[in-house]
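Sequence positions in the sequence shown follow the numbering used here and run 699 to 1106.
Positions of the beta carbon are idealized from the N, C-alpha and C atoms, including for glycine.
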Amino acid sequence: MSLTVRPIEYAAQADYTRLGGEAFGAPEGGRTVPTREEWEAADFREWGAFDDDDGLAARLRVYGFTSWFHGVQVPTAGVAGVAVEPERRGSGHLTRLFGAALAEARENGEVISTLFPSAPGIYRGLGYEVVGSFDDVDVPLQNLSRVTAPDGITTRRATPADFDSIVAVHRTWAAAQNGPISRAEKPFWTPPEKFFADYTGVTLAIDGHGSAGDAGAVVGFASWIRGEGYTPADAVMEIDDLIALTPGAARALWRTLGSFSTVVGAARVSTSGLDPAWLVLPDLTSTVHAAHPYMLRILDVAGALAGLESPLDGVRVPFAVRGAADIEGAWTLTVSDGVTHLERDAVLAEDAHHERPVLSVNGLALLYAGTQSAANLRIAGHLTGTPGHDAVLTALFAGRQLHVRDYF
Ligand SMILES: CC(C)(COP(=O)(O)OP(=O)(O)OC[C@H]1O[C@@H](n2cnc3c(N)ncnc32)[C@H](O)[C@@H]1OP(=O)(O)O)[C@@H](O)C(=O)NCCC(=O)NCCS
């Protein structure tokens, strides 16, 4: 049966909610349908595939936000809530649904798209690839007593007056990574009252090395939810953020968490990749409680790859992309004045194969995210063509580690 793909209006919210409940689970009695006011106030875009009787066969939601890559905030289309009605699965409906949603994203100026897949195979054919993982990791609190006490760093409880300092610490950390959502837009921007209401406590690491009388600079924070119980065998506390800008801040925050060890067995820390805050831990007897792989796709080659910070002034790399009509083509990337520039080249795809590196759409995502080197892209079959530019391609994109700390 042919399906019509179009934006979802409020009238289809009951169907949208039912399909979501069937796919992702629902409390007894079903999920609550949002009111028109709630739905209109939310800053997302929803797309559906409808049959001839206006029945909703497939749906997804797109959040528009910025995420940090290569030192700049990049407009990103975050896709969530992808679901197909059980009886219509396996019929290829996702291709058209994504085609429409990503065309709209591109019109909105979003140059990359990201998502948390329930299985990467669903999105690989659409050009997404796994670039990192957002994980909940259980750290036994007893071992934290072995973390060396920092010199001159203390901890204290944050108050709403500290909100700007907390945002600044997150921004300093996020700008140095690839991947973090900037938290500058809804639904990731949180007003101070809500931020503090979400946690039992937010602990700050304060650097007291400043001048006498100085209140000290905030150099890290941990936001935590204490949870129930006081038996270490089963009590677990949740840590949403543990962000430290110095090793002393990391030590101070871990030690404060460790002070719960008589009543809480483990801290369930939301983290990603090889987080530098973990380099101060004397042992790593931690276990991954839940892993959420993160996938990325480039929507606009020039939009995504130009204007990035790069120290490689003077380099010039021609490359081509193939495998998806929307972003196929050939470009030359140059770096001047510390930023990347992109020029579109008129090269036939078959010529491009011999003269320049050729990236698959998935390969371009992996390279851009800094997740895989050119050598690894060749091993994975995502990079072909002349190898002469491989070292520069790797150096251009591999300078920052991939981290993501917000789920959608
Ligand atoms: C996942 C889901 C949306 C896929 O719908 P579908 O109708 O089977 O998808 P399509 O027929 O359009 O297939 C799209 C691709 O997904 C792949 N795929 C489907 N189910 C898969 C699975 N469980 N594991 C890995 N790949 C899968 C298909 O092989 C196809 O790959 P291709 O494009 O490379 O050929 C659907 O099964 C569903 O609603 N599941 C429950 C909710 C869910 O998991 N949603 C995803 C949240 S991120």
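- Contact annotation: Asp-833 and Ala-948 have beta-carbon atoms that are not nearer than 9 Å.
- Counting C-beta pairs with one atom in each stretch, the segment 764–771 and the segment 873–888 have three or more that are closer than 8 Å, which means they touch.
- When secondary structure is reduced to three states using DSSP, His-1087 falls in the coil class, being assigned neither helix nor strand.
- In chain order, Arg-729, Gly-779, Ala-781 place their CB closer than 7 Å to the CB of Gly-718, counting only its own chain and leaving out the 5 sequence neighbours on each side.
- With a 10 Å radius around the Cβ and a threshold of 16 neighbouring Cβ atoms, Tyr-928 comes out exposed.
- In the three-state DSSP reduction, Val-809 falls in the coil class, being neither helix nor strand.
- Taking the Cα of Arg-1014 as reference, the smallest distance to any Cα among Leu-800, Leu-955, Leu-795, Leu-1091 is reached at Leu-1091.
- With a cutoff of 8 Å, Pro-980 does not count as near ligand 1, since its C-beta is closer than that to no heavy atom of the ligand.
- If you check the CB distance, Arg-1042 and Gly-1027 come in under 9 Å.
- Counting along the chain, Ser-863 sits inside the alpha helix (DSSP H) bounded by residues 861–873.
- Cβ-Cβ distances below 6 Å link Ala-872 to Trp-766, Pro-878 in the same chain, with the five nearest sequence neighbours on each side left out; the list follows chain order.
- For Glu-744, there is no enclosing alpha helix (DSSP H); the enclosing beta strand (DSSP E) has its first and last residue at 742–748.
- With a minimum length of 4 residues, the unbroken runs of alpha helix (DSSP H) contained wholly in the segment 960–1006 fall at 999–1003.
- Of Ala-1023, Ile-996, Ser-968, Val-1037, the smallest CA-CA separation from Gly-1005 is found for Val-1037.
- Note that the segment 817–825 does not touch the segment 932–951; fewer than 3 beta-carbon pairs, one per stretch, sit closer than 8 Å.
- Ranked by Cα distance from Asn-806, the options Thr-793, Gly-830, Val-760 are led by Val-760.
- Scanning the segment 714–786 for uninterrupted alpha helix (DSSP H) segments of 4 residues or longer gives 734–739, listed from N- to C-terminal end.
- Listed by position in the chain, the residues whose beta carbon lies within less than 5 Å of some heavy atom of ligand 1 are Ala-721, Val-780, Ala-781, Val-782, Arg-787, Gly-788, Gly-790, Leu-792, Pro-815, Ser-816, Ala-817, Gly-819, Ile-820, Gly-823.
- Nearest to Gly-753 by alpha-carbon distance, out of Val-731, Ile-706, Leu-792, is Ile-706.
- About 4 Å separates the Cβ atoms of Gly-1001 and Val-809, confirming a contact at the 8 Å cut-off.
- Taking C-beta separations shorter than 7 Å and ignoring five residues to either side along the sequence, the partners of Val-770 in its chain run Gly-1005, Leu-1006, Glu-1007, following chain order.
- With respect to Ile-923, Thr-898 sits close: the two C-beta atoms are nearer than 9 Å.
- Counting every other CB atom within 10 Å of its CB across the protein chains shown gives Phe-1017 a total of 16 or more, marking it as buried.
- Within the segment 914–955, the complete beta strand (DSSP E) segments at least 3 residues long are 915–923, 934–942, listed from N- to C-terminus.
- For Gly-1021, the CB contacts under 8 Å within the same chain, skipping 5 residues up- and downstream, are Gly-825, Ser-1058, Val-1059, Asn-1060 in chain order.
- Under the DSSP assignment, Pro-890 falls in the alpha helix (DSSP H) whose first and last residues are 890–895.
- Beta-bridge partners of Glu-802 (DSSP): none assigned.
- Counting the other Cβ atoms within 10 Å of the Cβ of His-907 gives fewer than 16, which makes it exposed.
- In this structure, Ala-747 is the residue among Val-772, Leu-813, Ala-747 with its C-alpha nearest to the C-alpha of Ala-798.
- Put simply, the backbone Cα of Thr-733 is about 24 Å away from that of Val-703.
- Each of Ala-866, Ala-775, Ser-921 was checked against the Cα of Arg-854, and the nearest Cα belongs to Ser-921.
- In this chain, the alpha helix (DSSP H) harbouring Ala-1073 covers 1072–1077.
- Take the alpha-carbon of Trp-737 and the one of Glu-926: they are about 33 Å apart.
- Distance check between Glu-735 and each of Ala-721, Gln-711, Glu-726 places Gln-711 closest, using alpha-carbon atoms only.
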